[in-house]
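A.B. asks:
Residue numbers (our numbering): 18 to 128.
Here it is as structure tokens:
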């Protein structure tokens, strides 16, 4: 009987510890929610080289690029990009770089 009660007590203790411990699966969605907070948008601007770093400059602001390797070879040129925008950190993650079409000139973007 004593063995049975101690086994039940041990089981209850182990389950309560497991229930109160931080759950690792609850932490992962928080990170994905932060990533999901960024929105994929199309922006146009000029690629500027700042030392060993690349920036994407639009009319409103200069963005820090999270993945500058995608912009290699486009330095000094006006480009049309699709990117995830993170305004709170003033950075973007570019997914696609295109040449602007004839109707998407820098003068049209200023309007």
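Built from N, CA and C at the ideal position, the CB exists for glycine as well.
Could you check the C-alpha separation between residue 115 and residue 90 for me, to the nearest Å?
C.D. replies: Reading the chain shown from its first residue, position 98 is the one you call residue 115. Reading the chain shown from its first residue, position 73 is the one you call residue 90. For residue 115 and residue 90, the distance between alpha carbons rounds to 12 Å.
A.B. asks: Strictly by DSSP, which residues pair up with residue 72?
C.D. replies: If you number the chain shown from 1, residue 72 lands on position 55. Beta-bridge partners of residue 72 (DSSP): 65, 81.
A.B. asks: Considering only C-alpha positions, which residue in the set 55, 34, 68 is nearest to residue 104?
C.D. replies: By one-based count along the chain shown, residue 104 stands at place 87. When each option's Cα is compared against that of residue 104, the closest is 55.
A.B. asks: Since I believe residue 101 is in contact with residue 61 (beta carbons under 8 Å), could you give me their beta-carbon distance rounded to a whole number of angstroms?
C.D. replies: Taking the chain shown and counting its residues from 1, the one referred to as residue 61 is at position 44. Taking the chain shown and counting its residues from 1, the one referred to as residue 101 is at position 84. Rounded to whole angstroms, the Cβ separation of residue 61 and residue 101 is 16 Å, and the two are not in contact under 8 Å.
A.B. asks: For residue 117 and residue 34, I'd like the C-alpha separation in whole angstroms.
C.D. replies: Translated into positions along the chain shown, residue 117 becomes position 100. Translated into positions along the chain shown, residue 34 becomes position 17. Cα to Cα, residue 117 sits roughly 59 Å from residue 34.
A.B. asks: Does the beta-carbon of residue 78 have 16 or more other beta-carbons within 10 angstroms, so that it is buried, or is it exposed?
C.D. replies: For the purposes of this step, residue 78 is taken as residue 61 along the chain shown, with counting starting at 1. By the neighbour-count rule (16 or more Cβ atoms within 10 Å), residue 78 is not buried but exposed.
A.B. asks: Measuring only the C-alpha atoms, how far is residue 22 from residue 31?
C.D. replies: Working through the chain shown from its first residue, we reach residue 22 at position 5. Working through the chain shown from its first residue, we reach residue 31 at position 14. Distance between the alpha carbons of residue 22 and residue 31 is about 14 Å.
A.B. asks: How long is the line joining the alpha carbons of residue 98 and residue 27, rounded to whole angstroms?
C.D. replies: On the chain shown, position 81 is the one that residue 98 refers to. On the chain shown, position 10 is the one that residue 27 refers to. Looking at the two C-alpha atoms, the distance is approximately 59 Å.
A.B. asks: Give the DSSP-derived three-state secondary structure of residue 58 in the structure shown.
C.D. replies: Along the chain shown, read from residue 1 onward, the residue named residue 58 stands at position 41. Residue 58: strand per DSSP, three-state reduction.
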